[in-house]
Amino acid sequence: MRIRQFAERAALSAALSLTFLGLGTTSATADTGSPLPIGSYRDMAVDAAHQQVFLSDPFGSSVLVTDYTGQVVKRIDGEAGAWGIALSADSRTLYVALRDAGAIAAIDTVTLEETARYDTGTGAGAYAGPTSLALAGGKIWFGYSLDTWRGALGSLDLSGGQPVVTRDQGLDTFRGSPRLAATPQHPDTLVAAESDGNAAALAVYDVSAGRADAQARRVDPGPDGCASLQDLALTPDAERVVVACASPYYHQVFRTADLADDGRYTTSHYPNAVAIAPDGTVAAGVDGANSPDVRLFAPGAPTDFHSWDFPAPSPYATTTLQSGGLAWTPDATRLFAVTKDSDSSTLTLRVLNHPQVPTTVTVQAPASSARNQPLTLTGELDAPVGFRPGSTVDIWRLDDPAAGEGTLIGSASVAADGTFSYTDRPRAKGDVQYTVQYGGDARHSYAYGTATVDVTSD
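Residue numbers (the working numbering): -14 to 443.
Here is the structure:
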């Protein structure tokens, strides 16, 4: 009874504290959806510095800018065949692959105006201009088509006094313009993939020396192959790449070292999107009407811990996720998803808040300890998703069970693996109860754990 009463007080204290701080113990904002004034969609980038989302509109030759709630900020016109987009590391510049202009545009993320345009020398149009971008190795890499049967890689180097374009890399791999993926944590790794509607081609490159040095290649990867590749994403450590192919009906995982099979994320019919948060959480989406549209997975977990099934606009219509239509905020508290309604072809930007996941606290302590001597508590926080750097737990001590009141004696930092430790010097003899309390955050629920120590005479 004493343990329960104390835990209830601790939980109430945590809830009140979080409320006063404006954090709350549950997600403060409901998922929302806002219609987009564009008729086509290809790529998305999230600008955390300015709380903006950029969406390319290739057939409208524009880039749409919204805020984090999905409300339109501006439509940037004159971007011919705006296809792939990539945000600079400092969030000051958005680069846009202009397929129909054979160029890469630079847009200032503050003024939302184009400030420069760089000719790629690829030519312009469906089987020429650049279609995908990634920042890696200090350059802007782009995928493009040489003709109707061949694709290649190119790079744009802006580090010198004049822009330098290098083309015709990866010539022996792709039958069309490849999609690109990179991660800022490991900027020298570039992954490219292409599918002509049949078997996909996948390649990993080291770009640290300025050129695309192939490390691994594979055609039709996976135990069940990979047909009609729709999207790909690198894990933050660049050790794995997750691909979404329309078939097979799951998201495949490959090691970047050799592109060997390395697991799967169980989804359903017609995978078409994947986005990986900085903490490794995988968002996997499908173009299907009879199953969840988006699922969340802990890194390496075969089954999801949360999913979204977007409501249909009417009994006679469907709402489906768009190819490549997922993107995380850098803090992984929000996931953006682009969907289309079949009855009106309306595109919608959905703002999905990361759910609070169940969290547990385990506490270990010695069965007994001498009074006024160091006593070390150890323990672990556990949840399907990782904890942010700087996370802490509060330590409460209950010396007198009859009083029924505990004392907050300190806090402990939580390591990246969820572990923590705290050393105390108890003064009271008898049963001393310790409660370790985690207050929760936008992604984790409140949790606590207890341990009782028999404190003996010193």
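Note that CB positions come from ideal geometry on N, CA and C, so glycine has one too.
Subject >> N- and C-terminal bounds of the beta strand (DSSP E) containing ARG20 >> reply: Here residue 20 turns out to be Pro, not Arg, going by the sequence shown. Its beta strand (DSSP E) spans residues 17 to 20.
Original post:
Got a sec? Which residues, its chain only, sit under 7 Å from THR116 by beta carbon, not counting five neighbours each side?
Top reply: Excluding sequence neighbours, THR116 sits near TRP68, GLY69, ALA82, ARG84, GLY128, TYR129, SER162.
Original post:
Is the beta carbon of THR437 less than 9 Å from the beta carbon of GLN418?
Top reply: Their beta carbons are under 9 Å apart, which means THR437 touches GLN418 by this criterion.
Original post:
Excluding five sequence neighbours on each side, which residues of the same chain lie with their C-beta closer than 6 Å to the C-beta of GLY155?
Top reply: Around GLY155: ALA137, LEU138, ALA197.
Original post:
Tell me which same chain residues have a C-beta within less than 8 Å of the C-beta of THR318, skipping the five on either side of it?
Top reply: Non-local beta-carbon contacts of THR318 in its own chain, meaning distances under 8 Å to residues more than five positions away in sequence, involve ASN338, HIS339, ALA427, ARG428 in chain order.
**OP:** Tell whether a beta-carbon distance below 9 Å holds between ILE125 and ASP142.
**Re:** Yes. Within cutoff.
**OP:** Could you tell me which residues DSSP puts in a beta bridge with ASP402?
**Re:** Secondary-structure assignment with DSSP links ASP402 through no beta bridge to anything.
Original post:
Nearest to SER299 by CA position, among ASN357, ASP439, ASP326, PRO172, is which residue?
Top reply: The residue with the shortest Cα to Cα distance from SER299 is ASP326.
Subject >> Paired residues, beta bridge with ILE89 - DSSP >> reply: Paired residues: ALA82, TYR103.
Original post:
Mind checking GLY425: buried by the 16 CB within 10 Å criterion, or exposed?
Top reply: With 16 or more other Cβ atoms within 10 Å, it is buried.
Original post:
Does the beta-carbon of THR304 have 16 or more other beta-carbons within 10 angstroms, so that it is buried, or is it exposed?
Top reply: By the neighbour-count rule (16 or more Cβ atoms within 10 Å), THR304 is buried.
**OP:** Evaluate the contact criterion for the stretch 230 to 248 versus the stretch 192 to 212: three or more CB pairs, one atom per stretch, below 8 Å.
**Re:** Yes, since at least three Cβ pairs between the stretch 230 to 248 and the stretch 192 to 212 fall closer than 8 Å, the two stretches touch.
Original post:
Considering only the beta carbon of each residue, do THR408 and THR361 sit closer than 9 Å?
Top reply: Closer than 9 Å, so yes.
Original post:
In whole angstroms, what is the alpha-carbon distance linking PRO284 and VAL31?
Top reply: Per the coordinates, the alpha-carbon of PRO284 lies some 22 Å from the alpha-carbon of VAL31.
Original post:
In the DSSP assignment, what residue or residues form a beta bridge with ILE70?
Top reply: Note: ILE70 sits in a beta bridge opposite VAL81.
Original post:
Would LEU214 pass as a contact of ARG164 if the rule is Cβ separation under 9 Å?
Top reply: Cβ distance < 9 Å, so LEU214 and ARG164 count as in contact.
**OP:** State the DSSP-derived secondary structure class of GLN(-10), mapped to helix, strand or coil.
**Re:** At GLN(-10), the pLDDT of 43 sits below 50, so the modelled position is not reliable and the matter cannot be decided from this model.
Original post:
Rounded to a whole number of angstroms, what is the C-alpha to C-alpha distance between VAL399 and THR158?
Top reply: Distance between the alpha carbons of VAL399 and THR158: 45 Å.
Original post:
With C-beta atoms as the reference, is GLY87 less than 9 Å away from THR107?
Top reply: Yes. Within cutoff.
**OP:** Helix, strand or coil for PHE127, going by three-state DSSP, please let me know.
**Re:** PHE127 falls in the strand class under three-state DSSP.
Original post:
Within this structure, are the beta carbons of LEU320 and VAL279 separated by less than 9 Å?
Top reply: Against a cut-off of 9 Å, the Cβ pair of VAL279 and LEU320 comes out as a contact.
Subject >> Cα-Cα separation between VAL238 and ALA185, rounded to whole angstroms >> reply: A direct Cα-to-Cα measurement between VAL238 and ALA185 gives close to 14 Å.
Subject >> PRO374 in three-state terms, based on DSSP >> reply: Here PRO374 sits in coil by DSSP.
**OP:** Below 7 Å CB to CB, which residues in the same chain sit around TRP134 once its five sequence neighbours on both sides are set aside?
**Re:** Taking C-beta separations shorter than 7 Å and ignoring five residues to either side along the sequence, the partners of TRP134 in its chain run ARG160, following chain order.
Original post:
Who are the near neighbours of ALA274 in its chain, counting only those whose CB is closer than 6 Å to its CB and skipping five residues on each side?
Top reply: Non-local C-beta neighbours of ALA274 in its own chain, meaning closer than 6 Å and more than five positions away in sequence, comprise THR303, ordered along the chain.
**OP:** Indicate whether the contact test is met: 3 or more Cβ pairs, each with one atom in the stretch 35 to 42 and one in the stretch 50 to 58, closer than 8 Å.
**Re:** At 8 Å Cβ cutoff, the stretches touch.
**OP:** Provide the residue span of the beta strand (DSSP E) that contains GLY434, from first to last.
**Re:** In the DSSP assignment, GLY434 falls within the unbroken beta strand (DSSP E) covering 432 to 441.
Subject >> Where SER12 sits in the DSSP three-state scheme >> reply: Confidence at SER12 is low in this model, with a pLDDT of 41, below 50, so the placement of that residue is unreliable and no value is reported for it.
Original post:
How is the beta strand (DSSP E) around VAL204 delimited, first residue to last?
Top reply: Per DSSP, VAL204 is one residue of the beta strand (DSSP E) stretching across 198 to 204.
Subject >> Close beta carbons around VAL48, own chain, < 8 Å, minus the five adjacent residues each side >> reply: Excluding residues within five positions, the ones whose Cβ falls inside 8 Å are PHE39, LEU40, SER41, ASP42, ARG60, ILE61, GLU64, ALA67, ILE70, LEU79, VAL81, ILE92.
**OP:** List in chain order: all unbroken beta strand (DSSP E) runs of 3+ residues lying wholly within the stretch 141 to 211.
**Re:** Listed in chain order, the complete beta strand (DSSP E) runs (minimum 3 residues) inside the stretch 141 to 211 are 149 to 154, 164 to 166, 174 to 180, 185 to 191, 198 to 204.
Subject >> Alpha-carbon to alpha-carbon, PRO369 and PRO431 >> reply: What sits at residue 431 in the sequence shown is Tyr, not Pro. Per the coordinates, the alpha-carbon of TYR431 lies some 14 Å from the alpha-carbon of PRO369.
Subject >> Extent of the continuous beta strand (DSSP E) run through ARG27 >> reply: From DSSP, ARG27 is part of no beta strand (DSSP E); its letter is neither H nor E.
Original post:
When we look at the beta-carbon of GLN349 and count the other beta-carbons within 10 Å, is it buried (16 or more) or exposed?
Top reply: The residue in question, GLN349, is exposed, as its Cβ has fewer than 16 Cβ neighbours within 10 Å.
Subject >> CA nearest to the CA of GLY375, picked from PHE405, ASP384, SER354, ASN357 >> reply: Taking the Cα of GLY375 as reference, the smallest distance to any Cα among PHE405, ASP384, SER354, ASN357 is reached at PHE405.
Original post:
With 16 as the cutoff for other CB atoms within 10 Å, does PHE44 come out buried or exposed?
Top reply: Result: exposed.
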